[in-house]
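A.B. asks: My questions will all concern the structure given below.
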Ligand SMILES: NC(=O)c1ccc[n+]([C@@H]2O[C@H](COP(=O)([O-])OP(=O)(O)OC[C@H]3O[C@@H](n4cnc5c(N)ncnc54)[C@H](O)[C@@H]3O)[C@@H](O)[C@H]2O)c1
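Residue numbers (the numbering used here): 1 to 355.
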């Protein structure tokens, strides 16, 4: 009797999100996290001991050479995603790359090209599209319930949530601040819900007013962020135009003076509109204005649940050939939007083309 195949996975970057991934994967009998790579011996020791992983490498390339892996998951800072992913793809491995896909659109494009050339699978860690609310609205869009979508509003606003771990305030390592770190989540699910239209131009402005000041001067969810190395925006506001004429506005912040944190989007179409949280559709039906709410949504709709769903979907894609809903091509489109918003901001908000 042949034993069922087990996916031999290596994780590159043994920090916070790697631990979240490993907790989910521990529930699967068909996955074995067999090795970890991290430039920090302390991170390797901490995660290795917690999850009982003996094979630990300070050089991920050595891990790829020595371990007989099927796939890797990339959980390192953003600017290392592209190089790491391309090295793993060229080594013949399938890759899950945490969001954002890369730090620039050019890097994301090279990743897509490498995946195509090598014939390996490249999936982006976009969990929000696995949320049942997103699926409910995407199906409504597919069924033409909104008609032609003309406008959308994307909001990823934390009242006071500048990360006090990692390198999230360092532009040269992350590629940007809240826009690329949390704006990416709401942008990717909005774009997915819209049916992934082609972005053609963008404009944006960035503002920094709090993250670069001593962090003990204000209350925060996460105290003690590294204000001395803080080189990213606190607030980004932008506008993206699509080939079909639709326009999105995006607002993203680590520190916005708002009543409460907001992770949400809204779409306005010619025959209907929708909002993500709480999931609702607004239409004219039978001559009346009708608000539609799902009578029941899978209760598995918390953050951890959609994160779990994305991890299971990656394994099912790689091991069992199930189609992915988070392909690298979607990652590239999202990266093009982020990249153009940052490019526009560097040109004092001038609209820039997305090629
Ligand atoms: N999907 C999500 O909701 C989600 C949530 C948090 C973070 N992330 C993403 O995961 C990535 C990591 O975030 P985190 O919160 O785990 O950060 P973290 O700082 O906790 O962990 C990153 C780890 O990568 C290691 N590292 C840095 N450069 C490396 C290199 N060249 N090779 C190997 N290891 C290296 C660091 O030593 C650190 O241990 C980021 O891209 C982030 O955007 C995704």
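Quick reminder that beta carbons are idealized off the backbone N, C-alpha and C, glycines included.
Using the three-state DSSP reduction, which class does residue 394 fall into: helix, strand or coil?
C.D. replies: Residue 394 lies beyond the range of the chain shown here (1 to 355); nothing can be said about it.
A.B. asks: Considering only residues of the stretch 37-92, which uninterrupted beta strand (DSSP E) runs meet the minimum length of 3 residues and lie entirely inside it, listed in chain order?
C.D. replies: Counting only runs of 3 or more, we get 55-57 and 71-74.
A.B. asks: Tell me whether residue 238 sits in a helix, a strand or coil according to DSSP, three-state version.
C.D. replies: Here residue 238 refers to the residue found at position 238 of the chain shown. In this structure, residue 238 counts as strand in the three-state DSSP scheme.
A.B. asks: Quick one: is residue 121 buried, meaning 16 or more other Cβ sit within 10 Å of its Cβ, or exposed?
C.D. replies: The residue you call residue 121 lines up with position 121 of the chain shown. When all chains shown are included, residue 121 counts as buried.
A.B. asks: Residue range of the beta strand (DSSP E) that residue 199 falls in?
C.D. replies: The residue you call residue 199 lines up with position 199 of the chain shown. Element bounds for residue 199: 199-207.
A.B. asks: Using CA coordinates, which residue listed in 44, 273 and 278 is at the minimum distance from residue 262?
C.D. replies: As a first step, residue 262 is located in the chain shown; it is residue number 262 there, counting from the start. Comparing Cα-Cα distances from residue 262 to each of 44, 273 and 278, the minimum goes to 278.
A.B. asks: Determine, using beta carbons only, whether residue 99 and residue 184 come nearer to each other than 8 Å.
C.D. replies: Taking the chain shown and counting its residues from 1, the one referred to as residue 99 is at position 99. Taking the chain shown and counting its residues from 1, the one referred to as residue 184 is at position 184. Against a cut-off of 8 Å, the Cβ pair of residue 184 and residue 99 comes out as a contact.
A.B. asks: Are residue 220 and residue 353 closer than 8 Å when you measure CB to CB?
C.D. replies: Within the chain shown, residue 220 is the residue found at index 220, counting from 1. Within the chain shown, residue 353 is the residue found at index 353, counting from 1. Against a cut-off of 8 Å, the Cβ pair of residue 353 and residue 220 comes out as no contact.
A.B. asks: On the criterion of 16 or more Cβ atoms from any shown chain inside 10 Å, does residue 3 qualify as buried, or is it exposed?
C.D. replies: The residue given as residue 3 occupies position 3 in the chain shown. With a pLDDT of only 49 at residue 3, under 50, the local geometry of the prediction cannot be trusted, and no value is derived from it.
A.B. asks: Any heavy atom of ligand 1 closer than 7 Å to the beta-carbon of residue 37?
C.D. replies: On the chain shown, position 37 is the one that residue 37 refers to. Residue 37 Cβ: within cutoff of ligand 1.
A.B. asks: Is it the case that the Cβ atoms of residue 127 and residue 348 are separated by a distance below 8 Å?
C.D. replies: Stepping through the chain shown from its first residue, residue 127 is reached at position 127. Stepping through the chain shown from its first residue, residue 348 is reached at position 348. Not a contact, by the Cβ cut-off of 8 Å.
A.B. asks: What would DSSP say about residue 331, mapped onto helix, strand or coil?
C.D. replies: Residue 331 sits at position 331 when you count from the first residue of the chain shown. If DSSP states are grouped into helix, strand and coil, residue 331 belongs with the helices.
A.B. asks: In whole angstroms, what is the alpha-carbon distance linking residue 199 and residue 53?
C.D. replies: Here the question's residue 199 lines up with position 199 in the chain shown. Here the question's residue 53 lines up with position 53 in the chain shown. Going by the C-alpha atoms only, they are around 43 Å apart.
A.B. asks: Regarding residue 98 and ligand 1, is the C-beta to nearest heavy atom distance less than 7 Å?
C.D. replies: On the chain shown, position 98 is the one that residue 98 refers to. True, at least one ligand heavy atom lies under 7 Å from that Cβ.
A.B. asks: Can you say whether residue 131 is buried or exposed, counting buried as having 16 or more other CB atoms within 10 angstroms of its CB?
C.D. replies: Stepping through the chain shown from its first residue, residue 131 is reached at position 131. Buried is the call here.
A.B. asks: In terms of residue numbering, what span does the alpha helix (DSSP H) encompassing residue 318 cover?
C.D. replies: Here residue 318 corresponds to residue number 318 of the chain shown, with the count starting at 1. Where residue 318 is concerned, the enclosing alpha helix (DSSP H) stretches over 303-320.
A.B. asks: Please list, in chain order, all residues of the same chain as residue 164 whose beta carbon is under 7 Å from its beta carbon, the five residues on each side excluded.
C.D. replies: Along the chain shown, read from residue 1 onward, the residue named residue 164 stands at position 164. Contacts found: 222, 223, 224 and 225.
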